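Engineer:
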Amino acid sequence: MKPNSDDVDRLEINMIACEGVGLCVHLAPSDIVLDHWGYPIILNERAASPKQVKRAAAACPHRALIVHRVDQPASTPDHS
Ligand code: SF4
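Its first residue numbered 8, the sequence shown is counted upward by one per residue in my numbering.
1. In the region 34–69, which residue ranges form an unbroken beta strand (DSSP E) of at least 3 residues, counting only runs that do not cross its ends?
2. Kindly examine the ligand SF4 and report whether one of its heavy atoms sits closer than 7 Å to the Cβ of Ala54.
3. Secondary structure at Val28, three-state DSSP: helix, strand or coil?
4. For Pro29, I'd like the list of residues in its chain whose CB is within less than 8 Å of its CB, leaving aside the five on either flank, ordered along the chain.
5. Within 10 Å of its beta-carbon, does Ala71 have 16 or more other beta-carbons around it, so buried, or fewer, so exposed?
6. Can you determine whether any heavy atom of the ligand SF4 sits closer than 7 Å to the C-beta of Glu19, and answer yes or no?
7. Less than 8 Å between C-beta atoms, sequence neighbours within five positions excluded: which residues of the same chain meet that for Asn51?
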């Protein structure tokens, strides 16, 4: 079965790159909330709202929100 383009395998936040701007929380409120210091916490590793999460990842000014899709091919050694 071909994966749906909206399938999201896993969300990840690069906390080194994240500046706690909070834009992602406003764009994907069903999957991300802010902690007491204004940094994001992922509620659902498998996004409940994939389109919102992708929009949030694209809008992150520090490219700190990473969306891993299920249809990304696993790295395999090249034996040719
Ligand atoms: S938008 Fe990016 S930099 Fe801002 S809180 Fe979210 S992950 Fe961090």
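For each residue, glycine too, the CB sits at the ideal point set by N, CA and C.
Every value quoted in this text rests on a predicted model; they were computed, and no experiment measured them.
Structural biologist: So, to answer that:
1. 39–41 and 47–49
2. Within 7 Å of the C-beta of Ala54 there is not a single heavy atom belonging to the ligand SF4.
3. coil
4. According to the sequence shown, residue 29 is Gly rather than Pro. Taken in chain order, the residues that qualify are Leu41, Gly45 and Pro47.
5. With 16 or more Cβ atoms within 10 Å of its Cβ, Ala71 is classed as buried.
6. no
7. Leu18, Ser37 and Asp38
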